[in-house]
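A.B. asks:
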Amino acid sequence: MSETLPQIFFGALLANNFVLAMFLGLCPFLGVSGRLDTALPMGAATTFVMLVASLCAFGLNWLVTTFHLEFLRLIAYIVVIASAVQLVEMVLKKHSPALFRALGIYLPLITTNCAVLGVALFQTAREYDFIQALTFATAGGAGFSLALLLMAGLRERLQLANVPNVVQGTALVLMLAGLLSLIFMGFAGLGAGE
Amino acid sequence: MSAPPRLDAPLPQPASSTAMLRTLGLVAGLCGILIVSAYQGTQEAVTANRKIALERAVFQIIPGAQRVDEYFATRGGLVPAQGNVPDGAVKFYAAYDTAGKLRGIAAEGAARGYADTVRVLYAYDPVRRVINGMGVIYMRETPGIGDKIATDSAFLRNFQALDASLGADPQTLANTIRVVKQGSKQHPWEIDAISGATITSKAVGRGINDSAGRLLPLLVPHLASLKEAR
Amino acid sequence: MSSPLTELRTAPHVKRNLGVERIMSHVVLALLPIAAFAVWQYGLSALALIITVIASCLLTERLCNRLGGVASTLSDGSATITGLLLALTLPPAFPLWMGAVAGFMAIALGKALFGGLGFNVLNPALVGRAFVQAAFPAAITSWVPAYAPERFSAFVPTTWTLPFMTPPDISAWAKAAVDGFTGATPLARWKFENVLTSPIDFLSGAVTASAGETSAILILLCGLYLAARRFLDWRIPVAVLASAALTAWIFQLMDPVRYPDPLFALLSGGLVIGAMFMATDMVTSPVTPLGVWLYGVFIGVLTMMIRYFGGLTEGVMYAILFGNALAPLIDRLTPPRVFGHPRLWSRS
Amino acid sequence: MSLPGPKPRSNLEELLEGIWKQNPVFIMMLGMCPTLAVSVSAVNALSMGLATGFVLSGSTLLVSLIRNIVPREVRIATYILIIATFVTVVDYLIQAISLAIYEALGAFIQLIVVNCIILGRAEAHAARNPPLRALLNALGMSMGFTIGLLALGAVREILGAGKLFGISLFGPDFQPWVVMMLPPGGFFVLGAWLLFFNWFNRRKTPVASDKPAQGHAHV
Amino acid sequence: MGLFPFCMPYFPFLNKTFPRGIHPADNKSTATIPIRRLPFATQLTLPLNQHIGKQALPMVQPGQEVVRGQPIARADGFMSVPLHAPADGVVEAIEPRPTAQGTWMDSIVLRVFDASTQEYGWGEPQDMDGLTPEGIVRAVWDAGLVGLGGAAFPSHVKITPPKEGRVHTLVVNGCECEPYLTCDHRLMLELTDDLITGIGYALRALGAERAVIGVEDNKQDAVEAIRRKLPENGLIDVQAVRTKYPQGAEKMLIHSLLGLDVPTGKRASELGVVVNNVGTLAMMGRLLPQGHGLTERVVTVTGPGIARPGDYWVPLGTPMRHVLDWAGAPGVSAREIILGGPMMGQAVASLDVPVTKGVSGILVFDDRHIPSGQDRRVRPCIKCGECLRVCPMGLNPSMLGMLAAKAEYDAMGSTFHLGDCFECGSCTYVCPSNIPLVQQFRVAKAILRERAA
């Protein structure tokens, strides 16, 4: 069975949102969602890194399957993705200092984010072709950004609320994430009614 | 998710590149040994596990079967399965009884359900040319609604003799296997949906139809070669 | 000498006499006819459910007050509205214990967690509804026929399900109670069977649906009353309904066979009650004039998208909740132009 | 991250550290992704905890053993290599032991590699301590992680399926709360545990911070 | 206005106005009662600073006898105005006395002779037509005139042409949008000629081309009265504007009448517009030809706690208690006494403070009618958005209020434009949760000013 591109895109963006349905990238989601100002660049940076990871994984997967080295797949993924991000960071620093300032501080944080490795592993497991993999990575990053933005908006608003003391902190963020996740369940089966 | 690099740490004496290479090489070698030995050590158990899991699933839908052989149905005929699925080939399982007689064919179908992909294994009876068994391999459908495809007896009755004969053109099924509203099944190639779980029911039907539509044209002409176990 | 009785306050010294309590009591008042109609359609079970859910909401509110060590906030009436609205969105024969769970979750998870009235970010009634939808997906899609002959003398078997137990299967009971009962809502019948319910059935309430979904005209009238008294923002229902109708109309133009007409889109499901009473929840909707329109249009379009492309038959609830979650962002992106500031939209 | 304190900890303290005081799930909020993703049942939670524990113990032991010969510059690269190796090993081990568990845990076995507990422990503890202490600390952390996972998995399985470790608790008529098995349930149950701990800690130490915390709004 | 001015009374919704604003019950029952005169109190207290600016310098000594209209204090610099004796009497003391603001201020205490009459014993008629613009400014200054709408800004400063450019339009503020107050309304009806005369002086002093009188359309009789008296040359126009609070705010009225928005941080004069109150201009027209100083003003004394409500000519310095006794207020049961209108006025604690130049009304609420008697329990903001719908400045009071509750003053000032709030109180008036929004904003502004300093 092959999925159409819109199915892949909206699936990863909404119905199977990376953060709210697949629990990928929770650490930055819980950590960086306090303010809208940081949420947006974080989302953009993660999306970018996910694309890089997806590209790397596609190439590597071809390599390890061709040479029957499946047992090296994980090591190859993690090492190459981490290096690629480092490389991108250096290139950015040199050629686009403005963009580096906007995204740079987030890049090292993202390198070993599970959403990034998740993209690589899932596209491999689902045997996506090149275009499908890129669509999947883009939608995954967009879904991550969407969840981050929604959460940041809500958290900024709750800064002004009289949230009970026992709920303050991570407990509140988790409950909010649960509620958002509940909302995203409304997208379950997206495209399945066809 | 790692801790951010500590910027305030004093810069130590830079290590020589030989030291760096030596260490990396050592570690890589160590890791290589670890991985390879783990791979070698577990390979047998993993293969056995897979076999058991597969047999359990096949035996459930093909009563009386005692052994399972894996095949690829290709344009050129049926070949024992090995490695990756070649282009255009369809994987299927031939189930035999203790006497080594062919009891049935099993194959996998998959389609997008409500929450995620629904993967089912169905049994094909080469004699009667019907699908006579269905089991769910993987699903994440809503408990209490969608997951009834695995338990609902009325729904499972659809798969006692679901028509899957090839048409005049042996490249396609004579009739598309399709899911209809509960209680309105009229033809042997129709499946009565579970009320309230239409989407999941349709996924099962679509998965079987797609898979059978690809498999049977390749399989049926060569059935004779499967009569006996390998 | 200053008179000891003199009060010293700062300006303004006069206030409009329209407090939160009065607004809330009018909303309750406007919901009562809808609830009464639901009871008329579905009988004792619906009545028991409404009472249970409201009681659960009030008890939870009081409990949370007690835990938080604050004075009772029952008198502001918001918990009553939450309970009433929530009950109206549930299937009429929903087991009472599940109704109580829904009420508890609505208040505890939807409101008290954030500090009570005014601080909740999502509509509490819909949080309760979404929770039970996810928790008890089978029970919440078990419908009973309207105008069953015995509705005032007997309860539906599921109503008194023992707490934490699975409700019995009532399809046989329902078929016996009313001839030709299919057990599917108009939206499900359209989506899976391609059968359109006639507008006449919608108006008479002879359709299968949640307790408060079946009387579009009545809901419109009650909402109009509130809008006329300015207890709800008329722009939201107008934006939601208009954008939903427009979306339906465009889709129908593209494929008249597959997509129903705008009237069906408006009358079916909970679109009207959602647009009138839930999307307009003041606390969780945007406050800026432009934001309110954006929010309404977003909800209307998203509802139709979920209906047409989603796995669910109805999307109003999730669309409104999504709109609620977006509201802080909408507010932030659409600040009103301050008098004497440049007219061009600019991020200030 | 705990830097070596002024007073060296005893071995027992080292072991207990991760179970309660620095519990990775409830206190340090590390490794959230697998915590929430696989805790739909107690068995899954236990398996995940053991797998993570294996990787954690193995990699910290190895890191600690070679800590003196690894130059700073290739430190992280080395650690990642080691961790990825152990994850690959555990991946095969689980496949060999039970395919059912392997499929239930899915990609999250391989994602152990990016679990921040492990890299964090390797970097902050194992690289600075002798093998025994590193191992003890890792074992403690693993136990803490497993306990956290079990606390989540048990609640989700009991409410979501009426079972514990697959054993039915309330009979066939029990109505499962499906939401607990779904993603929102994971968030809610962990949030509820944290609420409970907040409440418990506040009850234990009636601090004078009853005033709502002054949040800084950035609007 | 428009083509059919006679039709306008029937189509008030067509009248010019500004966006948003509120419609409080106007309670202007005293509008039909002619202005009455209040007798002298036995003692008058005249604070030396009844205006915005520098305190005036006393020109008399204790024990000195003065006659009505005699200057008793002179201006100390341009931002200061002189003070005139409101009655014949003897200076008893010059010492700090309590004022309505709650502070003590240097005041001239005058014991009024029993025989004091309403006649002026000071001041020569002057030939106004012969005066240069500077001469008019001087004459206004000498008369001690300040803005009588409540702000008490020195009038001569207002009618001095600004340095930054020409003034083309004089806007005359006859809105009196505060509920209860009718003193300007009565002045427009009774002193129509003086008003037109005063406007003429101001136009000449400013060198402006035209004057527009804006009157709320609930005072149609005043519009008619003024229209009948308008000069033939067409320099002065009167327009009815919609009855809405705060129509009388400077920026709002300029928007309503001229369609101009005063940019934030700028003054109206930078747009070539000057706004003056009808009361001020009427007094200008009344006092200047006689060469008299400002010794009395019209004060609306009303409210549910007053037996004989009405507008009164009150000599400056008259103690509040005297006014209330005369107007029939059983002082003991009064629960809230407000100087000015109910929206922006100030509650007073003591009845022993004097009426000063800036007092336009005295409102007395008794036990039964006290507006605060309603449920004023403060509840959390429910984001109904009503305050956004009424804020004449287009601010977001709801968000400002939430920020204030969390002491986020910087965000209030920078992101949410707190500085544009002129404290009209509309948001507090409509808030269903009884949040004291404008009160919080005053505190926030004070704190921000302190931080900036």
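Chains as they are written, first to last, in the numbering used here: chain A, 1 to 194; chain B, 1 to 230; chain C, 1 to 348; chain D, 1 to 219; chain E, 1 to 453. Here a beta-carbon is modelled for each residue, glycine too, at the ideal position from N, C-alpha and C. Note that the coordinates shown come from a computational prediction; the quantities given were computed from them, not determined experimentally.
(1) Using only CA atoms, which one of L166/B, V136/B and G76/B lies nearest to A203/B?
(2) Helix, strand or coil for F184/A per DSSP?
(3) Only counting the same chain, and skipping five residues up and downstream in sequence, which positions put a Cβ closer than 7 angstroms to that of C116/D?
(4) Does the count of Cβ pairs from the segment 173 to 193 of chain E and the segment 298 to 306 of chain E closer than 8 angstroms reach three?
(5) In terms of DSSP beta bridges, what is S433/E paired with?
(6) Taking contact to mean 3 or more Cβ pairs, one atom from each stretch, closer than 8 angstroms, check whether the segment 135 to 151 of chain D and the segment 33 to 47 of chain D are in contact.
(7) Might you give, ordered along the chain, the residues of its own chain that have their beta carbon closer than 7 angstroms to the beta carbon of L267/C, omitting 5 neighbours on each side?
(8) Can you tell me the Cα-Cα spacing of Q60/B and F200/D, whole angstroms?
(9) For S56/C, collect the residues of the same chain with a Cβ closer than 6 angstroms to its Cβ; drop the 5 residues on either side in sequence, then sort them by chain order.
(10) Could you tell me the alpha carbon to alpha carbon distance between R158/B and A164/B, rounded to whole angstroms?
(11) Which of the residues in the segment 394 to 407 of chain E, read from start to end, lie with their CB under 9 angstroms from any CB of chain A?
(12) Anything in the segment 184 to 209 of chain B with a Cβ closer than 7 angstroms to a Cβ of chain C? List those residues in chain order, please.
(13) Nearest-angstrom Cα distance between M141/D and F23/A?
(14) Can you tell me which residues form a DSSP beta bridge with A295/B?
(15) So S18/C contacts chain E; which residues on that side make the cut at Cβ distance below 8 angstroms?
(16) Taking the C-alpha atoms as reference points, what is the distance between G215/D and V32/A?
(17) Suppose you measure from the CA of A123/B to the CA of A161/B; what does that come to, to the nearest Å?
(18) Would you please verify whether the beta carbon of G178/A is less than 7 angstroms from any beta carbon of chain D?
(19) 7 angstroms is my cut-off, CB to CB: does P137/C come that close to chain B?
(20) T415/E and S256/E look like a contact to me (Cβ under 8 angstroms); what is the Cβ gap, rounded to whole Å?
(21) Identify the continuous alpha helix (DSSP H) that holds L351/E and give its terminal residues.
(22) Can you name, in chain order, every residue of its own chain whose Cβ lies under 6 angstroms from the Cβ of L20/A, other than the five neighbours on each side?
(23) Give me the residue from I22/E, V91/E, R111/E and R308/E with the minimum Cα distance to C177/E.
(24) Taking only three categories from DSSP, how would you classify P34/D?
(25) Does K111/C get closer than 7 angstroms to chain E when you measure Cβ to Cβ?
(26) Is the CB-CB distance between D217/E and T243/E below 7 angstroms?
(27) In the DSSP assignment, the beta strand (DSSP E) including N277/E goes from what residue to what residue?
(28) Taking 7 angstroms as the threshold (C-beta atoms), are T318/E and V355/E in contact?
(29) Taking the straight line between their C-alpha atoms, what separation do you get for V238/C and R230/C?
(30) Kindly provide the ranges of any beta strand (DSSP E) runs that are 3 or more residues long and lie completely inside the segment 145 to 220 of chain E, ordered along the chain.
(31) Are the segment 35 to 54 of chain A and the segment 85 to 104 of chain A in contact at 8 angstroms, needing three or more beta carbon pairs?
(32) Please work out which residues of its chain come closer than 8 angstroms, Cβ to Cβ, to P358/C, disregarding the five sequence neighbours upstream and downstream, and give them in chain order.
(33) Would you say M1/A reaches chain B, if we count a Cβ-Cβ gap shorter than 7 angstroms as a contact?
(34) Just checking: is the beta-carbon of V178/D within a distance shorter than 7 angstroms of some beta-carbon in chain C?
(35) Could you tell me whether any Cβ in chain C is nearer than 7 angstroms to the Cβ of G373/E?
(36) Sort out for me which residues DSSP pairs R101/A with in a bridge.
C.D. replies: Taking the definition as stated:
(1) Here residue 203/B refers to the residue found at position 203 when the second sequence is read from its first residue. Minimum Cα distance to A203/B is reached at V136/B.
(2) Here residue 184/A is taken as the residue at index 184 of the first sequence, counted from 1. Of the three classes helix, strand and coil, the one that applies to F184/A here is helix, per DSSP.
(3) Against the fourth sequence, residue 116/D aligns to sequence position 116. Around C116/D: L30 and G31.
(4) The segment 173 to 193 of chain E is in contact with the segment 298 to 306 of chain E.
(5) Numbered from its first residue, the fifth sequence carries residue 433/E at position 433. Paired residues: none, contrary to the question.
(6) Contact holds: three or more Cβ-Cβ distances are below 8 angstroms.
(7) As a first step, residue 267/C must be located in the third sequence, where it is residue number 267. Only P199, F202 and A216 meet the Cβ criterion.
(8) Mapped onto the second sequence, residue 60/B falls at position 60. Mapped onto the fourth sequence, residue 200/D falls at position 200. When only Cα atoms are considered, Q60/B and F200/D end up about 51 angstroms apart.
(9) If you number the third sequence from 1, residue 56/C lands on position 56. Residues of the same chain with a CB within less than 6 angstroms of the CB of S56/C, apart from the 5 flanking positions on each side, are A100, G103 and F104 in chain order.
(10) In the second sequence, the residue the question calls residue 158/B occupies position 158. In the second sequence, the residue the question calls residue 164/B occupies position 164. For clarity, residue 158/B is Asn in the given sequence; the question names Arg instead. Roughly 12 angstroms between the two C-alpha positions.
(11) Residues passing the 9 angstroms Cβ filter: M399, M402, L403, A405 and K406.
(12) The segment 184 to 209 of chain B vs chain C, Cβ under 7 angstroms: S195, G196, T198 and I199.
(13) The residue labelled residue 141/D in the question sits at position 141 within the fourth sequence. The residue labelled residue 23/A in the question sits at position 23 within the first sequence. One C-alpha to the other measures close to 22 angstroms.
(14) No answer is possible for residue 295/B: it lies beyond the span of chain B, which begins at 1 and ends at 230.
(15) As a first step, residue 18/C must be located in the third sequence, where it is residue number 18. One detail in the question is off: residue 18/C reads as Leu in this sequence, not Ser. Simply V430 and P432.
(16) The residue you call residue 215/D lines up with position 215 of the fourth sequence. The residue you call residue 32/A lines up with position 32 of the first sequence. Any reading at G215/D is ruled out, since the residue's pLDDT is 36, under 50, leaving its predicted position unreliable.
(17) What you label residue 123/B is simply residue 123 of the second sequence in a count that begins at 1. What you label residue 161/B is simply residue 161 of the second sequence in a count that begins at 1. Straight-line Cα distance between these residues: approximately 10 angstroms.
(18) Start at 1 with the first residue of the first sequence, and residue 178/A comes out as number 178. Closer than 7 angstroms to some Cβ of chain D, the Cβ of G178/A qualifies, so yes.
(19) The residue given as residue 137/C occupies position 137 in the third sequence. Yes, contact with chain B.
(20) Against the fifth sequence, residue 415/E aligns to sequence position 415. Against the fifth sequence, residue 256/E aligns to sequence position 256. Under the criterion of beta carbons closer than 8 angstroms, T415/E and S256/E do not qualify as touching, at roughly 29 angstroms.
(21) Here residue 351/E refers to the residue found at position 351 when the fifth sequence is read from its first residue. The continuous stretches of alpha helix (DSSP H) do not include L351/E, and DSSP gives it neither H nor E.
(22) Residue 20/A sits at position 20 when you count from the first residue of the first sequence. If we look at L20/A and ignore the five residues flanking it on each side, its Cβ neighbours are A147, L180, S181 and F184.
(23) Walking along the fifth sequence from the start, residue 177/E turns up at place 177. Nearest to C177/E by alpha-carbon distance, out of I22/E, V91/E, R111/E and R308/E, is I22/E.
(24) Numbered from 1 along the fourth sequence, position 34 holds the residue referred to as residue 34/D. When DSSP states are grouped into helix, strand and coil, P34/D belongs to the helix group.
(25) The residue given as residue 111/C occupies position 111 in the third sequence. Under the 7 angstroms criterion on CB atoms, K111/C is classed as non-interfacial with respect to chain E.
(26) Translated into the one-based positions of the fifth sequence, residue 217/E becomes position 217. Translated into the one-based positions of the fifth sequence, residue 243/E becomes position 243. Yes, the pair counts as a contact, with Cβ atoms nearer than the cut-off.
(27) As a first step, residue 277/E must be located in the fifth sequence, where it is residue number 277. Counted as a single uninterrupted DSSP element, the beta strand (DSSP E) harbouring N277/E occupies residues V273 to N277.
(28) Translated into positions along the fifth sequence, residue 355/E becomes position 355. Translated into positions along the fifth sequence, residue 318/E becomes position 318. Yes, the pair counts as a contact, with Cβ atoms nearer than the cut-off.
(29) Within the third sequence, the letter at position 238 stands for residue 238/C. Within the third sequence, the letter at position 230 stands for residue 230/C. Rounded to whole angstroms, V238/C to R230/C spans 14 angstroms at the Cα level.
(30) Here the runs fully enclosed are 169 to 174 and 210 to 216.
(31) Result yes; three or more Cβ-Cβ pairs closer than 8 angstroms.
(32) A query on residue 358/C cannot be resolved here, the shown segment of chain C reaching from 1 to 348 and no further.
(33) Translated into positions along the first sequence, residue 1/A becomes position 1. Reliability of the predicted coordinates at M1/A is poor, the pLDDT of 47 falling under 50, and the value obtained from them is presented with this limitation in mind. Between M1/A and chain B, the shortest Cβ-Cβ separation is below 7 angstroms.
(34) In the fourth sequence, counting from the first residue as 1, residue 178/D sits at position 178. Judged by the 7 angstroms Cβ criterion, V178/D is in contact with chain C.
(35) Along the fifth sequence, read from residue 1 onward, the residue named residue 373/E stands at position 373. Low per-residue confidence applies at G373/E: pLDDT is 49, beneath 50, and the placement is therefore not dependable, though the value from the model is reported in the following sentence. So no, G373/E is outside the interface.
(36) Sequence index remark: in the first sequence, residue 101/A carries index 101 (1-based). By DSSP's assignment, R101/A forms no beta bridge with any residue.
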